[in-house]
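Here the structure comes first, spelled out in structure tokens, and everything after it is commentary.
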Amino acid sequence: MIEVRVQREDFDPGAEIERLHAGRDDVGAVASFVGLVRGGAIAAMTLEHYPGMTERQLRRVADAAAARWPLEGLIVVHRFGRLAVGERIVLVAVAASHRAAAFEACAFLMDWLKTQAPFWKREETRDGSRWVEAKAADDAAAARWLEE
Amino acid sequence: MIEVRVQREDFDPGAEIERLHAGRDDVGAVASFVGLVRGGAIAAMTLEHYPGMTERQLRRVADAAAARWPLEGLIVVHRFGRLAVGERIVLVAVAASHRAAAFEACAFLMDWLKTQAPFWKREETRDGSRWVEAKAADDAAAARWLEE
Amino acid sequence: MIELLYFAWVRERIGRDGERLALPDGVGTAAQLLDWLERRGPHYAAALAERDRLRIAVNQAFAPLDAPVKPGDEVAIFPPVTGG
Amino acid sequence: MIELLYFAWVRERIGRDGERLALPDGVGTAAQLLDWLERRGPHYAAALAERDRLRIAVNQAFAPLDAPVKPGDEVAIFPPVTGG
């Protein structure tokens, strides 16, 4: 199962993890990641995206992970729209026979979707709102998977 | 929050992940791992452990992770007793501001608990039951965290 | 005709989220398209001035500035992505 | 007295999960304790023969074979761990 979803609604991490292994006997490991809106200076953010390209790019990244590691399934869910502090933004969950593949593919998926999926964050602060600048650290995190 | 639990009962990964960030605004990332009983040759397994030492060792490993990475919380739950194929064995969930710390600490916790927590697996196969042998790969996985 | 799409602050500065237009004469690459758009007025100029802060997708795949564009293409212009 | 605990196949081969006994004369380390136990009978010998397949904990912390043991200690003997 390779599944990517782009949606306004929230998702249920536990249910998605469970779907990756329920009724199967070949999954020994499910690694997952949940990204959340962090507070501090901001009160909320709005995620804009490019409908159509977003799904394609997430699918490309998911296919790349499935080609690179022996996986039994993976789910990527990314939200768009306005999200308050504390809300879930993104889920990546990866099932495999063994833990190393699950962990590595999960980290790879997060690193790559950060640079490959067309989303843009606009943060609301006390002083107004502003577009988030891309981080060099995210490019570096994605690039590390090319070196090996 | 650093919490380690050793229990016979099942656990709810989604609820544990949620507990790490509910009502907080400083958690941007929750990485987690669920280990499951994998089938194939085996029908079930029994996990024996060393009550008292198990909790201590899990706590030591958890404290080591919290000392090494900037974490906002972590939960480790490890089951014992007889578990059928497909059942959950272990959960590690780690909250942090940023994803790199959450991912690395989660992988570290799994690698270390595999070599540091006193659990022993006895697998039931068609030909009887046998104790699982420790794997050199698990020692190597734990050792890689010492090299850096 | 080509389909143009603008996102994030590119969209805001241009003041619209996209437009359909006939591929202008002499425009055969994304870079030439940006040059042509920039001359359409101050809103376009403000959105497209800093080329190293822009990214391009042609038919929903990232493309370099020298990528060819031809009639029927969907060309999107936007800042570096910041999802996840 | 010391508290001895056996786990997994060490427990099965010895045929019990632990015992309390007075620390024998001349036993000051875990290795000396294993030597002494091994001479208690064939079950102990079968459980303790392969020293490189055994691990020791003294007072619930992993300990090397030359770790000191003294009255009041809890000493556990078991195979390499296989949890997770």
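Just so you know, the sequences run in chain order X, S, B and C.
Residue 76 in my numbering sits at position 76 of the first sequence, and the numbers go up by one each step.
Residue 59 in my numbering sits at position 59 of the second sequence, and the numbers go up by one each step.
Residue 12 in my numbering sits at position 12 of the third sequence, and the numbers go up by one each step.
Residue 28 in my numbering sits at position 28 of the fourth sequence, and the numbers go up by one each step.
Cβ coordinates follow ideal geometry from the N, Cα and C atoms, glycine included.
Short CB-CB distance (under 8 Å) between residue i and chain B
i              : result
T46 (chain X)  : no
F119 (chain X) : yes
W131 (chain X) : yes
A134 (chain X) : yes
L113 (chain X) : yes
R56 (chain X)  : yes
Beta carbon proximity, residue i to chain X, threshold 8 Å
i              : result
L48 (chain B)  : no
A45 (chain B)  : no
P13 (chain S)  : yes
L5 (chain B)   : yes
Q32 (chain B)  : no
A67 (chain B)  : no
G52 (chain S)  : no
D26 (chain S)  : yes
W36 (chain B)  : no
G15 (chain B)  : no
G84 (chain B)  : yes
A8 (chain B)   : yes
G86 (chain S)  : yes
A76 (chain B)  : yes
V94 (chain S)  : no
F170 (chain S) : Because chain S spans 1 through 148 in this model, residue 170 (chain S) falls outside it and cannot be assessed.
Extent of the continuous beta strand (DSSP E) run through residue i
i              : result
W120 (chain S) : 119-125
E147 (chain X) : That residue, E147 (chain X), is in no beta strand (DSSP E); it is neither H nor E in DSSP.
E74 (chain C)  : 74-78
V27 (chain C)  : V27 (chain C) -> no beta strand (DSSP E), and no H or E assigned at all.
R55 (chain B)  : 55-58
Where residue i falls: helix, strand or coil (DSSP)
i              : result
A141 (chain S) : helix
R40 (chain C)  : coil
L34 (chain B)  : helix
H49 (chain X)  : strand
E9 (chain X)   : coil
R99 (chain X)  : helix
A22 (chain C)  : coil
R24 (chain S)  : coil
R152 (chain S) : For residue 152 (chain S) there is no data in the structure shown, the boundaries of chain S being 1 and 148.
T82 (chain C)  : coil
L5 (chain B)   : strand
E104 (chain X) : helix
A67 (chain C)  : coil
E133 (chain X) : coil
E155 (chain S) : Only positions 1 to 148 of chain S appear in the structure, and residue 155 (chain S) is not among them; the question remains open.
A31 (chain S)  : strand
A49 (chain C)  : coil
Where the alpha helix (DSSP H) containing residue i begins and where it ends
i            : result
W9 (chain C) : 8-14
Interface flag, residue i vs chain C, CB-CB below 8 Å
i              : result
V90 (chain S)  : yes
T125 (chain S) : no
H21 (chain S)  : no
G35 (chain S)  : yes
Test: residue i CB closer than 8 Å to a CB of chain S
i              : result
V81 (chain C)  : yes
G28 (chain C)  : no
G72 (chain C)  : no
R38 (chain X)  : yes
A57 (chain C)  : yes
R99 (chain X)  : yes
F108 (chain X) : no
G41 (chain C)  : no
I2 (chain X)   : no
I17 (chain X)  : yes
Counting pairs of beta carbons, one from the segment 89-105 of chain S and one from the segment 101-110 of chain X, are three or more of them closer than 8 Å? yes
Does the segment 72-86 of chain X come into contact with the segment 32-45 of chain X, if we say contact requires no fewer than three beta-carbon pairs (one atom in each stretch) closer than 8 Å? yes
Determine contact between the segment 9-29 of chain B and the segment 2-19 of chain C, defined as no fewer than three beta-carbon pairs at a distance below 8 Å. no
May I ask you to verify whether the segment 63-78 of chain X touches the segment 3-15 of chain X, counting CB pairs closer than 8 Å and requiring at least 3? yes
Restricting to runs no shorter than 4 residues, where is the alpha helix (DSSP H) found entirely within the segment 50-89 of chain X? 53-68
Say whether the segment 119-133 of chain X touches the segment 53-61 of chain S, bearing in mind that this needs 3 or more beta-carbon pairs closer than 8 Å, one atom from each stretch. no
Would you be able to state if there are at least three C-beta pairs under 8 Å between the segment 118-127 of chain X and the segment 42-54 of chain X? yes
Inter-stretch contact at 8 Å, needing at least 3 Cβ pairs: the segment 9-18 of chain X / the segment 8-18 of chain S: yes
Does the pairing of the segment 42-59 of chain C with the segment 57-67 of chain B give three or more beta-carbon distances under 8 Å? no
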